[in-house]
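Accompanying notes for the structure given below.
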Amino acid sequence: ALRAPVDALWRDNCVGGGGGKVERLKCWDFLLADGELASIVGKGDSERGGDVLATMKEGKMLDANKDGLVDAAQVQRLFDPELLFQATLLTKIKDLWEEASEGQLDAHVERAVLWELFASDAELLLLLGRGTAP
Numbered sequence: 110a111l112r113a114p115v116d117a118l119w120r121d122n123c124v125g126g127g128g129g130k131v132e133r134l135k136c137w138d139f140l141l142a143d144g145e146l147a148s149i150v151g152k153g154d155s156e157r158g159g160d161v162l163a164t165m166k167e168g169k170m171l172d173a174n175k176d177g178l179v180d181a182a183q184v185q186r187l188f189d190p191e192l193l194f195q196a197t198l199l200t201k202i203k204d205l206w207e208e209a210s211e212g213q214l215d216a217h218v219e220r221a222v223l224w225e226l227f228a229s230d231a232e233l234l235l236l237l238g239r240g241t242a243p
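The opening residue of the sequence shown carries number 110 in this note's numbering; numbering runs sequentially from there.
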């Protein structure tokens, strides 16, 4: 389900110059702008999918060569279940951190409070157990 929209996005935005490569941030511009892709990644929840894609962007998860460029093979990393899992898990942890720190990213949160929050979150526990989180 993910391959067709990504292939179309790549073909429509990147075929042509650049030797088959596009600057990483330009690639993310068109990936993040596509609501269908976000909905597929978020399993019907486009906001969640957009957050997962944004986490992938922040982590430079497509730029396997670390050269600031992305080619067709690297875009295929969007289909990698391990990368999607990592991005989903990181997104969930960031959401929980924002909740615990009340949106203050540089805040300090008591360790016990954070672990209690993590341990009581069913979606996080399913992810960590490699289950299917809603």
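We put the beta carbon where it would ideally sit given N, CA and C, even for glycine.
All of these numbers come straight from a predicted model, not from anything done at the bench.
- Nearest neighbour of W137 by Cα position, chosen from P114, G144, A163, E156, turns out to be A163.
- Under the rule that a run must span 4 or more residues, the alpha helix (DSSP H) segments found entirely inside the stretch 147 to 233 read 155 to 167, 181 to 184, 190 to 209, 220 to 228.
- Rounded to whole angstroms, the gap between the alpha carbons of G177 and E132 is 6 Å.
- Judged by beta-carbon spacing, T197 lies within the 7 Å limit of V161, meaning their Cβ atoms are closer than that value.
- Burial is judged here by how many other beta carbons sit within 10 angstroms of a residue's own beta carbon; G159 has at least 16 and is buried.
- Under the DSSP assignment, R112 falls in the alpha helix (DSSP H) whose first and last residues are 112 to 123.
- Judged by beta-carbon spacing, P114 lies within the 7 Å limit of L146, meaning their Cβ atoms are closer than that value.
- CA-CA distance, F139 to R239, rounds to 30 Å.
- Taking 8 Å as the upper bound for CB-CB distance, L192 and L226 are not in contact here, some 25 Å apart.
- L134 and L141 have their alpha carbons spaced roughly 10 Å apart.
- Just so you know, the alpha carbons of G151 and Q183 end up roughly 20 Å apart.
- For the 7 Å CB-CB criterion, L118 and D143 form a contact.
- Of the residues L237, N174, L111, the one whose Cα lies closest to the Cα of K130 is N174.
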